[in-house]
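Some notes on the structure that comes next.
Protein chains in written order, with the numbering used here: chain H, 1 to 363; chain V, 1001 to 1363; chain U, 2001 to 2363; chain E, 3001 to 3363.
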């Protein structure tokens, strides 16, 4: 329960560094009897793989996952599921130049002051590479929630720099390297991101995610609200700087008469709340937005200090994404799935006896 | 560690409902030897009290706190600190009308579906009243962090509806009922909010908070990042819909060359990051923004359903705030203080042996 | 989740000191809809009250419990239940003499070295008085488990000093001040304990407890085994020095052919295991034994050191039990109930989908 | 934080089954800067390896550990340490016969009822084999505590069936396959255990462990007492049925005047308490005893039921230990080391500011 575990009943503990021998996760608390094979997990890993388009890091990693425990004869046993992904294409030499100086916008300086030294190779534990383990764990939650509840989680790129991107066709988001849900915008993004790469600069982005068929009643009233645990999970993703539920920051300018979602026997009249009321799921679609800062690893020279605190200049080389947000969609989905899975089990533990006299107006 | 406890080493567990006999908190893990008397806590409770201006709920609660344990001869003993605040001005009759129907925008429907029934009086556990206990606990963290580190946390109202409010004079925020840090805007807010009350409507708001003298190194790399735990704490506040760190949602439109905060021997050249790098405090000021939705309890009639799921109309009476954000400042401060306190103790537990060869460029 | 909370889903957090204004507990995670009034809790508190016979401390405490939250119209709401018991008969003057010297066998010296100072009045947080809060919380678990599962937990005094005490009539244990389940031994105990008091000395004891109708399947395979959590709970009781499950220490001398409980279609052929297999409940009766050391507060003079580390002599006055074990029965029951309640909810959270092809041979 | 994680700040999460591809652990929260190589861990793994004498299971496992993360250039980084041990000598065929019937005294029936089915190969997650991961994690705690505090943990076999075994020469315990600390008794044990094997039966045992140079002040007052967490850890070891601290079960027959350890300026006059007072370490040696039941896998035929609940007979084949206690010593040591490590970090987190006016009489 130190910093590398998320969840109370569905607990995911991860380990590994960008240039270490392997990455892994222990998924503890998964219900027994779930049909699970490595391919179920591999599918989600494919979505976040690098080197699959010219718009992401060119690092080539097969990201083959091995299930080391917790599955017997194709079904989860209910005991801890060990997952392992070997690193194969680490190029640590690329990082020798930054061994003694801190990359602006990176965790380098903070790690140095926390631990007294750091694994500088590819950012070590602070690399986005480690989200491989999170995505693998999320795939297990996805399979359970889909089979048990018909619950689906799907994300898309809703903003890239100055460009707002609507969700025109959510299914299409998985068909392009940008997770763009507006097919008409894909060519523009192609050009825009390629131009950025030529300039050696990077750009921020916003990712949105929707969960459907979320049962009402998930989340705890006080601190462990569903939206609070979602905010924790999302802000824990590399480069995340803002988390919004439903209308998010826009609510600050809304009136009560505009924001409150009226109830009718056939469902809610609107969904400004994004699917939670008082921190508990209402049965409406969950809507979450996460803003990601631009990659700090760019070719543009910048000022920094070295390990001794002396002034230095830096130009980051190595293989990087011009827009980390592009690859955040599968990670945002995984984090939401893990939180929903945990709260589904928690709610069932406490409230399995409950029968509400009120019909579920959202179904 | 069900839903009413926050923290790993500095653990705050709260209980109580809006119209129950009392509210309370158990603060566990506070370092021993801290000088503490009830007045230290009372000061923060005064900041969030209702009925102190015509712009907040007219409910009159003295909010006198009693320390029931954990303090001996004026110093914390290191054992659990029990805090109690009695409710004295509950008017449950006001709520009889909503006993059988759900207030749009409120937790009513979600609670009903989670638990099968609910304490409808003043929202029960979902009322903002329960933050009294959080603020009391935060006051203890404030005193320790101030005395130990010189760390200060101060918030202000940065937006009320369409009105953006700059932080011109932070100290002045405590001098007006709006926690407005721009004295020139106070008369405008007076008129604006009074007009809203006349219309029987409400408005959203954004609250910002800054922590100074935060030591570098607080936070864990993976899930329990400092910013992740802050996001969890803030989104756990009633009516919160968005949490931003540093530049927040604006980062989605920034370039890497613009966002990354360069390092110099005399400190960081900017603070777009808001004080965390890789989820770990950098030693810069922590900057957090929280967006609050408008109060859902308004005089404007609205559609809803009753406990049987039948269509109904509702007009919320009772005593309410036209803008909950106005009173959120002390709560946002308390939440940040609790998270910082917990991470300070966690960091000290793991890393007390660390001596970094790199000077703290922020001091 | 610092040291004053027990449980994962059914979480009990307690606070209070022997001579502070009050003791309390927050019971978090209780299922909603449980009928609960203060008298349900009072009944268990009566069982552990002092001053009810000449064989226990003469401190007179009514131990009236107040439910401060979490119950509405006579039913639990599913939110945190706050419980409060005021202290009324503290005689702190009795303890002035030990303010500056450490009582041998007490926590005094350990607290001093951990915290740098201590609340010496009646032992502060280390007093057995604080188990009032634990017993109050256990009463809630008892009511739920009884109504839901027909599960019953009952304990008895199985040893007092040299005297082994059989469980002849478990029901009779609640009818005498010793919780002795062998009515024929009560007169002997009367005389034995009175003699001890005259000598100003004290004696150890062993308490045994049985839980019936425990469903099979409670407990986790690895660390959070049911027996492990029981051992944690029991060893956490003041003065406990040993915890045994089933045959306990006797197993070290048993052969496999003797110990293993054979299975038959009509149940297990024996219960050497005490109701757990691989740390998971088997459906048999749970049998637990806890050994308590003798009260260290005796009239016999002893050597000690003072706060400065100088040699000193001590004679403990104040009001004490000659045999703390006598009053441990309700506490042992409460601890077992809390652990069973927590594991029942945990198991239901993870395994509610499970249907075993194997009949429950214990029913 | 489900069942496969132990610890609050020093957190060990394990996974793996007896006949799965690998076993592993994630050690989270280890202080940074600790010199660590695989051989440091290998040394402890050698102590628990099977197949090293004719008195343990003949399964041949090299138990080579790989460090997959958390160590950089020979030092711990402060991030999660991933450990992996491959299984190489699983003979699952041996277990086909028990696929459909439950071994008496084993977890088989309890797992079946909890999860609805089970990995029957070698007991799956319930096998003692999985303690490989625990021992590996304990080795890291051992190295830190030794280097930081000079703290040493060493165990010995204190009873085997009817034979009580004194601690004559603790160092010698590592020199024989029984961890017997009385060299004169080794030949007798040789003969005794060989005879048992010939009879196809097994025997219970008791293991004792001592920790020296434990600083005073470790442990929390209420539930997370040091002795409570030790009891939890020890009872969580396969086949453990009793945990005793200090004089353990014997205290039930002791008088206060006999049990209480008097204090003198040069230390405690005795150590009946076993090193804890009020659940907090006193600075004396920690003394813990754990009783293990006899292996249930024996050649003696026994009654059982099959998966359908029908009567059946069973004779366990496969490779087993006639006395699991023989191999429990390194596991008991590892568990104690993990608990002490966790509490050392927890104590430092809360109480690093403390300076006691009282000298440490135990040094």
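Virtual Cβ for every residue (Gly too), placed ideally from N, Cα, C.
Check                                                                                                                                                                                   : Outcome
How many angstroms separate the CA atom of residue 367 (chain H) from the CA atom of residue 2360 (chain U)?                                                                            : There is simply no residue 367 (chain H) to check, as chain H begins at 1 and stops at 363 in what is shown.
Ordered along the chain, which non-local residues of its own chain (more than five positions away) have a Cβ less than 8 Å from that of residue 3276 (chain E)?                         : 3219, 3225, 3226, 3227, 3245, 3246, 3282, 3286
Closest Cβ-Cβ distance between residue 3042 (chain E) and chain V: below 8 Å?                                                                                                           : no
Whole alpha helix (DSSP H) runs in the region 100–186 of chain H with 4 or more residues, listed along the chain?                                                                       : 108–115, 131–149
Residues of chain H with a CB under 8 Å from the CB of residue 1148 (chain V): which are they?                                                                                          : Simply none; closest approach about 18 Å.
Quick one: what does DSSP say residue 3259 (chain E) is sitting in, helix, strand or coil?                                                                                              : helix
Taking its Cβ as the centre, do 16 or more other Cβ atoms sit within 10 Å of residue 1295 (chain V), making it buried, or is it exposed?                                                : buried
Which residues bound the beta strand (DSSP E) around residue 3324 (chain E)?                                                                                                            : Run containing residue 3324 (chain E): none; DSSP gives neither H nor E here.
For the region 2145–2159 of chain U and the region 2176–2186 of chain U, state whether three or more C-beta atom pairs, one from each stretch, are separated by less than 8 Å.          : yes
Please say whether residue 17 (chain H) and residue 3069 (chain E) have beta carbons closer to each other than 8 Å?                                                                     : yes
For chain V, check one thing: does any of its Cβ atoms lie closer than 8 Å to the Cβ of residue 235 (chain H)?                                                                          : yes
Nearest to residue 1098 (chain V) by CA position, among V:1322, V:1198, V:1316, is which residue?                                                                                       : V:1316
Going by the beta-carbon positions, is the gap between residue 2239 (chain U) and residue 1014 (chain V) smaller than 8 Å?                                                              : no
Please confirm whether residue 2 (chain H) has its beta-carbon closer than 8 Å to some beta-carbon of chain E.                                                                          : yes
Anything in chain U within Cβ reach of residue 354 (chain H), meaning under 9 Å, just list it in chain order.                                                                           : 2031, 2032, 2033, 2078
Cβ closer than 8 Å: which chain H residues qualify as neighbours of residue 1206 (chain V)?                                                                                             : 249, 252
Residue 1223 (chain V) bridges to which residues according to DSSP?                                                                                                                     : Residue 1223 (chain V) is not bridged to any residue.
Find out if the Cβ-Cβ distance for the pair residue 3311 (chain E), residue 2265 (chain U) is shorter than 8 Å.                                                                         : yes
Can you grab the Cα-Cα spacing for the pair residue 1235 (chain V) / residue 1291 (chain V), in whole Å?                                                                                : 9 Å
Measuring only the C-alpha atoms, how far is residue 2135 (chain U) from residue 2326 (chain U)?                                                                                        : 15 Å
Start and end of the alpha helix (DSSP H) containing residue 3044 (chain E)?                                                                                                            : 3038–3048
Looking at chain U, is there any beta carbon in it that lies within less than 8 Å of the beta carbon of residue 225 (chain H)?                                                          : no
Rounded to a whole number of angstroms, what is the C-alpha to C-alpha distance between residue 2062 (chain U) and residue 1301 (chain V)?                                              : 51 Å
Whose C-alpha, out of H:288, H:280, H:293, H:258, is nearest the C-alpha of residue 1272 (chain V)?                                                                                     : H:293
Any C-beta of chain V sitting closer than 8 Å to the C-beta of residue 3340 (chain E)?                                                                                                  : no
Classify residue 2093 (chain U): buried if its beta carbon has 16 or more other beta carbons within 10 angstroms, exposed otherwise.                                                    : exposed
Is residue 2092 (chain U) helix, strand or coil by DSSP?                                                                                                                                : helix
Residue 119 (chain H) versus chain E: which residues are under 7 Å apart at the beta carbon?                                                                                            : 3072, 3077
Verify whether the separation of the beta carbon atoms of residue 3304 (chain E) and residue 3072 (chain E) is less than 8 Å.                                                           : no
Is any beta-carbon of chain V found at less than 8 Å from that of residue 3349 (chain E)?                                                                                               : yes
At the level of alpha carbons, what is the spacing between residue 3159 (chain E) and residue 3041 (chain E)?                                                                           : 28 Å
How is residue 3237 (chain E) classed by DSSP in three states: helix, strand or coil?                                                                                                   : coil
Can a CB atom of chain E be found closer than 8 Å to the CB of residue 282 (chain H)?                                                                                                   : no
So, does the CB of residue 1116 (chain V) fall closer than 8 Å to a CB anywhere in chain U?                                                                                             : yes
How long is the line joining the alpha carbons of residue 1010 (chain V) and residue 1032 (chain V), rounded to whole angstroms?                                                        : 12 Å
Going residue by residue through the region 3283–3321 of chain E, where are the continuous beta strand (DSSP E) segments of at least 3 residues, counting only ones entirely within it? : 3286–3292, 3302–3305, 3311–3314
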